[in-house]
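Engineer: Residue numbers (the numbering used here): 162 to 959.
After the structure tokens below, expect a handful of questions from me.
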RNA sequence: GCAGGUGUGGCGAAAUUGGCAGACGCGCUAGACUUAGGAUCUAGUGGAGUAAUCCAUGGGGGUUCAAGUCCCUUCACCUGCACCA
């Protein structure tokens with residue numbers, strides 16, 4: 162009788178004691194770096210979703226090791242962030258304490274599943290030894306001019322009392338608490354990510370990311386090309402600059418719009434006759450949250466600016482200027498030219514305000530809607546007769562000659578707002594001195610650690626909790642020695658996770674964040690697995706971070722991640738996302754207790770396509786347990802013959818090939834079913850040899866490592882972890898006798914067994930002789946005969 | 001609205017990339033063994049039909065000797081982004 166709890170503990174101890182999974186820097190073996198996204202150590206413990214991706218990559222890591230690779234498969238914790246802070250506030254503990262407890266739980270859970278992580282490299286992003294380097298890197302970015310402070314309208318969550326990045330406030334809703342987000346002006350640390358838009362785009366060529374991942378990055382960066390066009394203003398000696406992707410439609414411009422935040426409203430408040438009305442509109446727009454602005458996008462609002470008139474630089478025509486919140490202050494120049502005939506939003510606005518609509522491209526019906534397609538230009542002077550592409554080229558050339566416009570590229574991606582008014586994050590190592598302004602901390606004073614204080618609740622005015630701690634705030638200016646104040650904002654959660662994969666390459670380095678030698682040895686993350694939800698922003702932040710380090714000469718490659726893959730979610734048995742409120746959460750501990758870690762691992766690999774969502778099914782899990790029990794029972798069939806059983810050699814070679822390919826390429830479910838087929842075959846035999854049995858154990862070991870080691874030991878072999886992965890012989894993956902389908906007019910009429918090397922004519926002859934085929938050939942005329950050796954015979958008749 | 005994805009038995013899913021649709025597993029049905037079974041074993045299991053055979057991969061059309069797979073069109077659902085000029 163086998164006791165899985167005892168056996169699993171036994172092997173986990175052996176692996177740990179013998180440091181079987183330790184990665185060695187500078188080994189002679191070929192290196193392979195497999196990375197899984199490290200978890201946020203929440204209070205609810207490990208999720209079955211973690212188990213899915215960690216098991217999958219674990220299987221790959223285990224196979225790669227047996228294939229002779231020096232595999233780096235590390236684990237750590239992304240431990241800064243609001244949930245730990247909030248939980249700590251609620252339970253009156255220090256967040257560090259909370260993190261420590263949760264990390265312990267997570268580690269224990271992961272060890273009980275038998276993941277082959279190199280635990281010696283583990284760390285948490287909230288360890289001072291780690292965040293020292295996050296801070297150090299920030300200082301380098303500051304010194305190279307990539308970090309700056311700016312007053313920006315930021316997304317403000319009234320509930321969390323904190324500023325959110327555009328990403329965290331997607332859709333105008335706070336990602337954490339779901340509150341509606343407001344806009345507020347705040348002085349924030351920013352990273353000049355927009356400087357790297359083009360590099361981040363081009364860098365994708367140096368990666369092997371899946372297409373859907375690349376596309377996510379491309380969309381996020383949001384490159385567009387067009388023109389910047391300058392309009393004169395009639396009443397004042399000034400110009401209004403707009404950005405447009407359709408300069409070819411300039412003859413159809415009938416009005417201009419600027420955003421409520423546009424500087425001209427302040428600058429020309431004395432010229433604007435209806436400034437009161439406009440100020441009122443501005444105030445309303447500010448009050449509207451992002452959410453309302455988007456939700457109410459059907460109805461356009463705005464005010465005509467009395468006293469300012471724009472002049473079309475091409476036609477010299479005068480036209481009104483409006484202020485409207487459908488124009489964003491943060492994109493382009495915060496001003497647009499209104500071409501209602503050929504832009505949907507302009508069309509709506511023009512209809513509402515009764516503005517002229519001039520068609521300049523043929524092809525649509527502008528009495529009904531704006532026509533945004535391509536076509537022949539009309540009413541456009543020298544552009545008449547040209548299509549979109551040609552007229553864009555033509556008009557830009559013309560504008561450049563007339564000096565009223567120029568070719569321009571824009572990106573949706575904005576600079577990264579890097580400040581959080583939170584306690585539980587890396588303190589930003591900057592000091593404000595009344596004389597010297599912002600001064601970076603001396604590097605030798607790092608880490609700047611979080612103070613050990615009992616209170617760190619957010620302040621009412623939105624300042625960081627650190628601002629209320631004088632011991633932290635007050636300091637001396639590193640430059641002049643005068644009394645100075647520390648920055649009290651902390652870094653966002655994304656900071657620590659933007660470079661953790663570099664630290665894993667050299668986790669104990671006290672002199673550098675990671676040595677160049679170590680990073681050169683590992684070269685890149687070969688294989689990075691994570692959630693679909695992180696393929697856009699986390700990946701982009703990490704790539705940006707690395708590219709800055711590269712510019713500083715601190716990493717060997719501009720892209721440090723080669724392949725990125727993502728996994729599907731595990732849903733509850735009700736096909737809904739698992740959540741406490743729905744009561745459909747599965748705790749991996751319960752499964753391990755009742756069925757064992759091997760069963761849990763096997764089931765999660767077998768449950769479906771790894772890249773797709775899959776619902777939890779307890780019966781299916783039991784089926785996997787049954788399979789393991791059956792493999793254990795096969796032990797009783799082992800005879801004392803040498804070598805492999807002749808009847809199963811082909812199947813064995815096929816199985817090795819299939820499992821090997823599947824584990825390399827996310828085909829975990831089919832790897833398992835292939836192994837089930839082999840086990841079923843063994844079951845049919847009266848007896849099997851030790852080698853037969855051992856092969857099955859070896860192939861199954863990466864997915865279910867505990868019991869396979871145990872059974873292998875019972876056979877008297879050396880441990881599987883110390884054994885080379887079996888090799889298959891391509892020539893032996895095909896049976897001598899193959900089954901061929903015979904069709905008449907594409908319909909199956911017979912199957913025949915023939916020698917695999919049979920020649921075409923012979924094959925056709927045998928096919929035609931089949932009784933049932935004869936029946937369908939009778940009284941017909943053969944039109945065509947298709948013979949594909951090894952596959953199919955199809956006879957077409959009339 | 002835009003982008004991406006998915007749609008195959010009662011369920012999770014396979015399908016060598018254009019070549020026998022439903023591998024493997026769950027569930028179900030019948031039987032065996034058992035004091036008992038929610039344990040185990042054996043057989044069956046897409047639908048219709050006694051059968052030969054016919055029908056079947058969201059719907060419709062097409063290409064091809066051959067389509068789940070390629071093309072066109074349409075519907076449904078999921079995930080991002082969302083007034084980005």
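Beta carbons: idealized from backbone N, C-alpha and C, even for Gly.
Out of 444, 253, 863, 726, state which residue places its alpha-carbon closest to the alpha-carbon of residue 197.
Structural biologist: The sequence position of residue 197 within the first chain is 36, counting from 1. The residue with the shortest Cα to Cα distance from residue 197 is 726.
Engineer: Given residue 638, which residues of its chain have a CB within under 8 Å of its CB, disregarding the five upstream and five downstream residues?
Structural biologist: Within the first chain, the letter at position 477 stands for residue 638. The residues are 592, 594, 596, 597, 600, 644, 645.
Engineer: Assign residue 819 to buried or exposed, taking buried as 16 or more other Cβ atoms, counted over all protein chains shown, within 10 Å of its Cβ.
Structural biologist: Residue numbering aside, residue 819 sits at position 658 when the first chain is read from its first letter. It counts as buried.
Engineer: Between the segment 919–938 and the segment 869–888, do at least 3 Cβ pairs fall closer than 8 Å?
Structural biologist: Taking 8 Å as the limit for Cβ pairs, the verdict is that the segment 869–888 does not touch the segment 919–938.
Engineer: Would residue 351 pass as a contact of residue 579 if the rule is Cβ separation under 8 Å?
Structural biologist: For the purposes of this step, residue 351 is taken as residue 190 along the first chain, with counting starting at 1. For the purposes of this step, residue 579 is taken as residue 418 along the first chain, with counting starting at 1. Against a cut-off of 8 Å, the Cβ pair of residue 579 and residue 351 comes out as a contact.
Engineer: What are the boundary residues of the alpha helix (DSSP H) that includes residue 788?
Structural biologist: What you label residue 788 is simply residue 627 of the first chain in a count that begins at 1. 779–794 is the span of the alpha helix (DSSP H), which, as asked, contains residue 788.
Engineer: Using the C-alpha atoms, what's the distance from residue 901 back to residue 954?
Structural biologist: Taking the first residue of the first chain as position 1, residue 954 is located at position 793. Taking the first residue of the first chain as position 1, residue 901 is located at position 740. Looking at the two C-alpha atoms, the distance is approximately 7 Å.
Engineer: Rounded to a whole number of angstroms, what is the C-alpha to C-alpha distance between residue 380 and residue 212?
Structural biologist: Working through the first chain from its first residue, we reach residue 380 at position 219. Working through the first chain from its first residue, we reach residue 212 at position 51. If you take the alpha carbons of residue 380 and residue 212, they lie about 30 Å apart.
Engineer: Candidates 322, 269, 916, 203: which alpha carbon is nearest residue 344's?
Structural biologist: Here residue 344 refers to the residue found at position 183 when the first chain is read from its first residue. Among 322, 269, 916, 203, the Cα nearest to that of residue 344 belongs to 322.
Engineer: Can you find the residues in the same chain that come closer than 7 Å, C-beta to C-beta, to residue 824, ignoring five residues on each side of it along the sequence?
Structural biologist: Along the first chain, read from residue 1 onward, the residue named residue 824 stands at position 663. Excluding residues within five positions, the ones whose Cβ falls inside 7 Å are 220, 221, 224, 832, 863.
Engineer: Where do the N-terminal and C-terminal ends of the alpha helix (DSSP H) with residue 634 fall, by residue?
Structural biologist: Here residue 634 refers to the residue found at position 473 of the first chain. Start and end: 631–634.
Engineer: Please report the distance separating the alpha-carbon of residue 250 from that of residue 348.
Structural biologist: On the first chain, position 89 is the one that residue 250 refers to. On the first chain, position 187 is the one that residue 348 refers to. Distance between the alpha carbons of residue 250 and residue 348 is about 26 Å.
Engineer: Can you give me the Cβ contacts of residue 590 inside the same chain, cut-off strictly under 7 Å, excluding the 5 residues immediately before and after it?
Structural biologist: Within the first chain, residue 590 is the residue found at index 429, counting from 1. Around residue 590: 296, 299, 300, 601, 602, 607, 609.
Engineer: Between which two residues does the beta strand (DSSP E) harbouring residue 576 extend?
Structural biologist: To locate residue 576, count along the first chain from 1; it is residue 415. Residue 576 -> no beta strand (DSSP E), and no H or E assigned at all.
Engineer: Quick one: grab the DSSP three-state call for residue 355.
Structural biologist: In the first chain, counting from the first residue as 1, residue 355 sits at position 194. It is helical.
Engineer: Short of 6 Å in beta carbon distance, which residues of its chain neighbour residue 541, apart from the five on each side in sequence? Order them along the chain.
Structural biologist: Locating residue 541 in the first chain gives position 380, where the first residue counts as 1. Cβ neighbours of residue 541 beyond the five flanking positions: 412, 521.
Engineer: To test your reading of the DSSP string, which unbroken alpha helix (DSSP H) runs of 4 or more residues are found completely within the segment 679–755?
Structural biologist: The segment 679–755 contains these whole alpha helix (DSSP H) runs: 698–712.
Engineer: Given a threshold of 16 other Cβ atoms within 10 Å of its Cβ, counted over all protein chains shown, does residue 857 qualify as buried or as exposed?
Structural biologist: Locating residue 857 in the first chain gives position 696, where the first residue counts as 1. It is buried - the Cβ of residue 857 has at least 16 other Cβ atoms within 10 Å.
Engineer: Between the C-alpha atoms of residue 457 and residue 728, what's the straight-line distance to the nearest angstrom?
Structural biologist: In the first chain, residue 457 corresponds to position 296, counting from 1. In the first chain, residue 728 corresponds to position 567, counting from 1. At residue 457, the pLDDT of 49 sits below 50, so the modelled position is not reliable and the matter cannot be decided from this model.
Engineer: Tell me, please, which residues DSSP counts as bridged to residue 588.
Structural biologist: Position 427 of the first chain, counting from 1, holds the residue named residue 588. The partner list for residue 588 (beta bridge, DSSP) reads 651.
Engineer: Closest to residue 468 by CA distance: which of 396, 501, 623 is it?
Structural biologist: To locate residue 468, count along the first chain from 1; it is residue 307. Looking at the Cα atoms, 396 is the closest of the given residues.
Engineer: Per DSSP, which one or two residues make a beta bridge with residue 497?
Structural biologist: In the first chain, counting from the first residue as 1, residue 497 sits at position 336. Note: residue 497 sits in a beta bridge opposite 418.
Engineer: Applying the 10 Å Cβ sphere with the 16-neighbour rule, what's the burial state of residue 441?
Structural biologist: As a working note, residue 441 is residue 280 in the first chain. It is exposed - the Cβ of residue 441 has fewer than 16 other Cβ atoms within 10 Å.
Engineer: To the nearest angstrom, how far is the alpha carbon of residue 768 from that of residue 830?
Structural biologist: Walking along the first chain from the start, residue 768 turns up at place 607. Walking along the first chain from the start, residue 830 turns up at place 669. Their Cα atoms are separated by approximately 7 Å.
Engineer: What does the alpha-carbon distance come out to for the pair residue 176 and residue 886?
Structural biologist: As a position in the first chain, residue 176 is number 15, starting the count at 1. As a position in the first chain, residue 886 is number 725, starting the count at 1. Computed Cα separation, rounded: 18 Å.
Engineer: Quick check on this structure: which residue in 560, 286, 463 has the alpha carbon closest to the alpha carbon of residue 408?
Structural biologist: Sequence index remark: in the first chain, residue 408 carries index 247 (1-based). Per the Cα distances, 560.
Engineer: Whole-angstrom Cβ separation of residue 731 and residue 739, contact assumed at under 8 Å?
Structural biologist: By 1-based counting over the first chain, the position of residue 731 is 570. By 1-based counting over the first chain, the position of residue 739 is 578. Sure, about 7 Å apart at Cβ, within 8 Å.
Engineer: Measure the beta-carbon distance from residue 241 to residue 586 and round it to whole angstroms, keeping in mind my assumption that it falls under 8 Å.
Structural biologist: Translated into positions along the first chain, residue 241 becomes position 80. Translated into positions along the first chain, residue 586 becomes position 425. Correct: roughly 5 Å between the Cβ atoms.
Engineer: For the alpha helix (DSSP H) that contains residue 829, what are its first and last residues?
Structural biologist: Along the first chain, read from residue 1 onward, the residue named residue 829 stands at position 668. Looking at the DSSP string, the run of the alpha helix (DSSP H) that includes residue 829 is 829–845.
Engineer: Taking the beta carbon of residue 545 as the centre, do at least 16 other beta carbons fall within 10 Å, making it buried, or is it exposed?
Structural biologist: Numbered from 1 along the first chain, position 384 holds the residue referred to as residue 545. Result: exposed.
Engineer: In the DSSP assignment, what residue or residues form a beta bridge with residue 387?
Structural biologist: In the first chain, residue 387 corresponds to position 226, counting from 1. Paired residues: 569.
Engineer: Taking the alpha carbon of residue 462 as the reference point, which residue from 510, 265, 416 has its own alpha carbon closest?
Structural biologist: Residue mapping note: residue 462 aligns to position 301 of the first chain, counting from 1. When each option's Cα is compared against that of residue 462, the closest is 510.
Engineer: Taking the continuous alpha helix (DSSP H) assigned at residue 817, which residues delimit it?
Structural biologist: By 1-based counting over the first chain, the position of residue 817 is 656. Looking at the DSSP string, the run of the alpha helix (DSSP H) that includes residue 817 is 810–825.
Engineer: Do you know offhand how far residue 448's Cα is from residue 677's?
Structural biologist: On the first chain, position 287 is the one that residue 448 refers to. On the first chain, position 516 is the one that residue 677 refers to. Each residue's alpha carbon lies about 50 Å from the other.
Engineer: State the DSSP-derived secondary structure class of residue 776, mapped to helix, strand or coil.
Structural biologist: As a first step, residue 776 must be located in the first chain, where it is residue number 615. Note: residue 776 maps to strand in three-state DSSP.
Engineer: Helix, strand or coil: which one does DSSP assign to residue 761?
Structural biologist: Mapped onto the first chain, residue 761 falls at position 600. Reduced to three states, the DSSP call for residue 761 is helix.
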